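Quick note, in our numbering, the sequence shown goes up one by one and the last residue is 304.
Using N, Cα and C, we set each Cβ at its ideal position, and we do this for glycine too.
Because the structure is a prediction, the values reported are computed rather than measured.
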Amino acid sequence: WERHLQAGDASRLTFGAQAFGADLGEAYRAQFKALCGSGVAPFYFFLTRPQRNHFNWDATDRVVGWLHSEAIDVEASPLIWFHPYGIAPWMRALSFDEARGVVLEQVRAAVERYGDRVHTWVMLNEPQDADANALGFSIEQLLELTALISDELKRLQPRAYRVLNFSDPFGARSHVHDRPSVPPIHYARLCIERGIEFEAIGLQFYFGIKRYFSCRDLLTIAETLASFSALGKDIRVTELGCPSRHAVDPA
Numbered sequence: 054w055e056r057h058l059q060a061g062d063a064s065r066l067t068f069g070a071q072a073f074g075a076d077l078g079e080a081y082r083a084q085f086k087a088l089c090g091s092g093v094a095p096f097y098f099f100l101t102r103p104q105r106n107h108f109n110w111d112a113t114d115r116v117v118g119w120l121h122s123e124a125i126d127v128e129a130s131p132l133i134w135f136h137p138y139g140i141a142p143w144m145r146a147l148s149f150d151e152a153r154g155v156v157l158e159q160v161r162a163a164v165e166r167y168g169d170r171v172h173t174w175v176m177l178n179e180p181q182d183a184d185a186n187a188l189g190f191s192i193e194q195l196l197e198l199t200a201l202i203s204d205e206l207k208r209l210q211p212r213a214y215r216v217l218n219f220s221d222p223f224g225a226r227s228h229v230h231d232r233p234s235v236p237p238i239h240y241a242r243l244c245i246e247r248g249i250e251f252e253a254i255g256l257q258f259y260f261g262i263k264r265y266f267s268c269r270d271l272l273t274i275a276e277t278l279a280s281f282s283a284l285g286k287d288i289r290v291t292e293l294g295c296p297s298r299h300a301v302d303p304a
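Rendered as structure tokens:
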């Protein structure tokens with residue numbers, strides 16, 4: 054990034070956002086088209102798989118359909134996310150083997166339905182974070198699922214662009230052990246060491262003055278980006294939030 058910016062070449066830097074509001078009207082759609090070169094479509098379990106034997110793609114269909122009709126690149130995100138807010142209630146009782154089967158079903162159903170319009174997949178979201186581990190998986194189990202998702206995407210769609218997405222890139226609340234949370238860069242290195250394939254690392258940057266977020270100086274941000282870039286993968290800032298005033302956040 055620094056090299057391209059210093060050379061005055063920002064052609065590789067593009068901006069995107071969630072397109073969940075595609076139904077909100079023409080004003081929203083016009084602003085989105087003016088600002089964004091890509092859009093995120095929702096693939097949450099609670100939305101697409103409300104019941105064990107029933108898929109519901111209505112909301113995802115609308116977003117993917119609109120983005121595709123406007124020739125805006127579509128990003129499926131998150132394809133798999135085990136956060137308590139992201140799973141469907143029926144999933145809470147799943148064993149690891151059962152969850153493994155559900156993951157395969159989800160990947161196959163998504164690619165079958167959208168593979169002609171979607172090639173960028175946030176294949177697994179926040180795997181290193183205990184907050185996003187509602188089913189209580191170990192790191193070894195999460196690594197197994199990461200490999201499973203990666204391999205299945207590649208088998209179904211050889212041109213798939215697979216993103217491994219991480220919260221808390223600074224690793225502020227994590228340390229190396231055998232259960233989440235662990236530092237995101239540690240998890241990414243484990244994947245690479247085990248030959249798990251993915252094209253890009255997604256990083257969520259949130260800043261603020263509240264319980265879980267801190268303000269960071271530009272040097273720390275640059276060092277964090279450089280440390281992930283050294284892994285040899287594309288870097289995508291997938292989420293970004295910063296305070297609008299210099300005061301403690303109310304929540």
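Check whether residue i and residue j have beta carbons under 9 Å apart
i      : j      : result
Gly90  : Thr113 : no
Ser148 : Ala185 : no
Pro142 : Phe96  : no
Leu201 : Arg215 : no
Val171 : Ala129 : yes
Phe266 : Gly294 : yes
Trp174 : Ala163 : yes
Leu217 : Met176 : yes
Nearest residue (CA-CA) to residue i, options the options
i      : options                        : result
His136 : Leu188, Arg269, Val116, Leu147 : Leu188
Ala241 : Thr291, Ala283, Asp204         : Ala283
Ser297 : Leu272, Tyr259, Phe281         : Tyr259
Ile133 : Ser122, Ala83, Gln159          : Gln159
Glu276 : Ala300, Ile238, Ile245         : Ile238
Gln257 : Ile192, Leu243, Glu179, Phe251 : Glu179
Pro103 : Tyr138, Leu195, Gly74          : Tyr138
Tyr81  : Leu100, Val116, Trp110, Asp111 : Val116
Ile192 : Pro222, Leu157, Asp270, Pro236 : Pro236
Residue i versus residue j: straight-line alpha-carbon distance, rounded
i      : j      : result
His107 : Ala279 : 43 Å
Arg153 : Leu198 : 7 Å
Gln210 : Asp169 : 9 Å
Glu165 : Val127 : 15 Å
Gly248 : Leu196 : 11 Å
Arg232 : Asp182 : 9 Å
Gln84  : Thr291 : 19 Å
Ala300 : Asp270 : 17 Å
Neighbour-count burial assignment, residue i, 16 or more Cβ in a 10 Å radius
i      : result
Asp76  : exposed
Arg145 : exposed
Ser203 : buried
Gly255 : buried
Gly285 : exposed
Cys268 : exposed
Ala94  : buried
Arg208 : exposed
Residue(s) in a DSSP beta bridge with residue i
i      : result
Ile254 : Leu217, Ile288
Val235 : Its beta-bridge partners do not exist; DSSP assigns none.
Tyr81  : DSSP output for Tyr81 lists no bridge partner at all.
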